[in-house]
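According to the UniProt record's numbering, the stretch in the sequence shown is residues 1 to 342, in order. Read through the structure below, which is laid out as C-alpha cells, and then see the notes.
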Amino acid sequence: MRGPFVPQLVYFEPKALDYPLGQQLLEKFTHMGLEIRYTTSHNQIRNLPGDSDAQRYRIAKATLVVGVRKTLKFDTSKPSAEYAIPFATGCMGHCHYCYLQTTMGSKPYIRTYVNVDEILAAADEYMLERAPDITRFEASCTSDIVGIDHLTHTLKRAIEHFGQTEHGKLRFVTKFHHVDHLLDAAHHGKTRFRFSINADYVIKYFEPGTSSLEQRIQAAGKVARAGYPLGFIVAPIYLHEGWQAGYEAMFARLDAELDKEVRSDITFEFIQHRFTKPAKRVIEQNYPMTKLELDEAKRRYKWGKYGIGKYIYQKDEEEQIKQVLHSAMQKYFPQAKLEYFT
Ligand code: SF4
Numbered sequence: 001m002r003g004p005f006v007p008q009l010v011y012f013e014p015k016a017l018d019y020p021l022g023q024q025l026l027e028k029f030t031h032m033g034l035e036i037r038y039t040t041s042h043n044q045i046r047n048l049p050g051d052s053d054a055q056r057y058r059i060a061k062a063t064l065v066v067g068v069r070k071t072l073k074f075d076t077s078k079p080s081a082e083y084a085i086p087f088a089t090g091c092m093g094h095c096h097y098c099y100l101q102t103t104m105g106s107k108p109y110i111r112t113y114v115n116v117d118e119i120l121a122a123a124d125e126y127m128l129e130r131a132p133d134i135t136r137f138e139a140s141c142t143s144d145i146v147g148i149d150h151l152t153h154t155l156k157r158a159i160e161h162f163g164q165t166e167h168g169k170l171r172f173v174t175k176f177h178h179v180d181h182l183l184d185a186a187h188h189g190k191t192r193f194r195f196s197i198n199a200d201y202v203i204k205y206f207e208p209g210t211s212s213l214e215q216r217i218q219a220a221g222k223v224a225r226a227g228y229p230l231g232f233i234v235a236p237i238y239l240h241e242g243w244q245a246g247y248e249a250m251f252a253r254l255d256a257e258l259d260k261e262v263r264s265d266i267t268f269e270f271i272q273h274r275f276t277k278p279a280k281r282v283i284e285q286n287y288p289m290t291k292l293e294l295d296e297a298k299r300r301y302k303w304g305k306y307g308i309g310k311y312i313y314q315k316d317e318e319e320q321i322k323q324v325l326h327s328a329m330q331k332y333f334p335q336a337k338l339e340y341f342t
C-alpha cells in the first residue's frame, strides 16, 4: 500500500466537538482540505454518495465518522481477552474474507470515538471488579485500530493508560505498518502488539488496501525493538498453489527480522480458512471478481452455533497444514508460544 489512510469524506457528530479530540480532528481535517459533513448520529449515515451498492460500499470504507461512544458496556471477547474495548468500528482495508462484512452489514463506514477518557474509565471499572486478577482488553474486535491511529493517537493513549495499570492488559492485531508514533509509548510491557501475517499470495490477492508482508514484518521488528510483547496471527491459512513454500518464506523472513532475545515472549495464533453461507453471499456481492475459493463441495461441513455451519478444509488437508506449520515453528521459533490452531 502507499501512504497511511486518508479519508475521502468525514462526518462529525456535533456532540463530538464537546471533546478536545473532536476539536483537534476537526481542525486537522479542515487543514487537510477534506470534505466535512455533520450527522446527528454515528449510527445513521444515510446519504453516502455513489450510484450503486458497490460504489457506496467503496466510499463507505473510505469514510470516517467522528462520534461519541454512548454504550460503555463492553462486549466479552473470550478466550483471548475478557473484554472488547471499543475505540473504533470498521476498517479501510478490503480483505475479501473479512468478517466485518457480515457483522457490520449496511454500515461499513469507519467510526472513531472521541470520548476516550470515558472509555478508559469504564475499562478501569472492569479491572477493579476483577482485581487482583488481570483483565485483558482486546482493541481490534471490530476494526483495525492501528490503521487509523496515525490520525487519532487514541491507541497510543490507551497503551500508556494500560502501561500504568496494575491489573490491566491491552492487545490488538493489525495488518498495517504505520506504527512509528507508537514506538515511544510508555507501554511498560502491558500491551501485546500483534501482526496479522500471511503468505505473500494471500496478501496480494485477498488483502487489498493493507500493508505488504515486508512492511508488516519490518514494523514487527521495530515494535519488538521497542520492547513490546509481540504476537502473530496467521489467518486465514489458505491452500493455494505453492502454499508450503509461501508459508515457509514467511517464517524465514520473520526469522531474519527478529532478534533472538525477544523470541521467548512471542505468541502465534493460526486459523485455517473457513466460510459460512451468509459470508459467501456478502463476499460475492462486495468482491465479485475475487479468486477466493468458496466452493462448498470441496469442503467439510462443521455444524455451528445458531444453525450457521462452517465450511472447513478436509481432514487430510487440515493435517497437512498442521504439519507444515508445526515444523516451521519448530525450525524457526521453538521457544514461541502457540496460543491456538484452529
Ligand atoms: S485489515 Fe482486518 S479488519 Fe480490515 S478489512 Fe482486513 S481483515 Fe478486515
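Glycine included, each C-beta is placed from N, C-alpha and C at the ideal position. Remember, predicted model here, so these are calculated numbers, not experimental data.
Per DSSP, which one or two residues make a beta bridge with residue i?
| i | result |
| --- | --- |
| Y11 | R37, V65 |
| I134 | BP columns for I134 are empty, so no partner. |
| R46 | Note: R46 sits in no beta bridge, so no partner. |
| A16 | Per DSSP, none; premise fails for A16. |
| residue 356 | The shown model of the chain, from 1 to 342, leaves out residue 356, and the question about it has no answer. |
| L170 | F137, T191 |
| R111 | V65, T89 |
| A84 | E138 |
If the criterion is Cβ atoms closer than 8 Å, does the pair residue i and residue j meet it?
| i | j | result |
| --- | --- | --- |
| D75 | A84 | yes |
| V114 | S140 | no |
| T210 | K175 | yes |
| V68 | A16 | yes |
| K190 | F162 | yes |
| R171 | R192 | yes |
| A62 | M92 | yes |
| G309 | Y301 | yes |
| Y311 | R274 | yes |
| V324 | Y247 | yes |
| F5 | H96 | no |
| Y340 | L239 | no |
| H197 | F232 | Inspection of the sequence shows that residue 197 is occupied by Ile rather than by His. It is a contact, given that the beta carbons lie within the stated cut-off. |
If you reduce the DSSP assignment to three classes, tell me which class residue i lands in.
| i | result |
| --- | --- |
| I266 | strand |
| R157 | helix |
| residue 350 | The requested residue 350 does not occur in the structure, where the chain is confined to residues 1 to 342. |
| R194 | strand |
| Y201 | helix |
| L292 | coil |
| F176 | coil |
| residue 345 | Residue coverage of the chain in this structure runs from 1 to 342, which leaves residue 345 outside it and unanswerable. |
| Q285 | helix |
| Q324 | One detail in the question is off: residue 324 reads as Val in this sequence, not Gln. In this structure, V324 counts as helix in the three-state DSSP scheme. |
| E261 | helix |
| K70 | coil |
| L21 | helix |
inquiry  = Does the structure place the stretch 45-62 close enough to the stretch 142-162 that three or more beta carbon pairs sit under 8 Å?
reply    = Verdict: no, contact absent.
query = Do the stretch 18-37 and the stretch 241-256 make contact, defined as three or more Cβ pairs closer than 8 Å?
reply = Between the stretch 18-37 and the stretch 241-256, the count of C-beta pairs closer than 8 Å stays below three; the two stretches do not touch.
message = Three Cβ pairs or more, each shorter than 8 Å: is that satisfied between the stretch 97-105 and the stretch 283-303?
response = Using a Cβ-Cβ distance cut-off of 8 Å, the stretch 97-105 and the stretch 283-303 are in contact, since at least three pairs of beta carbons, one from each stretch, lie closer than that value.
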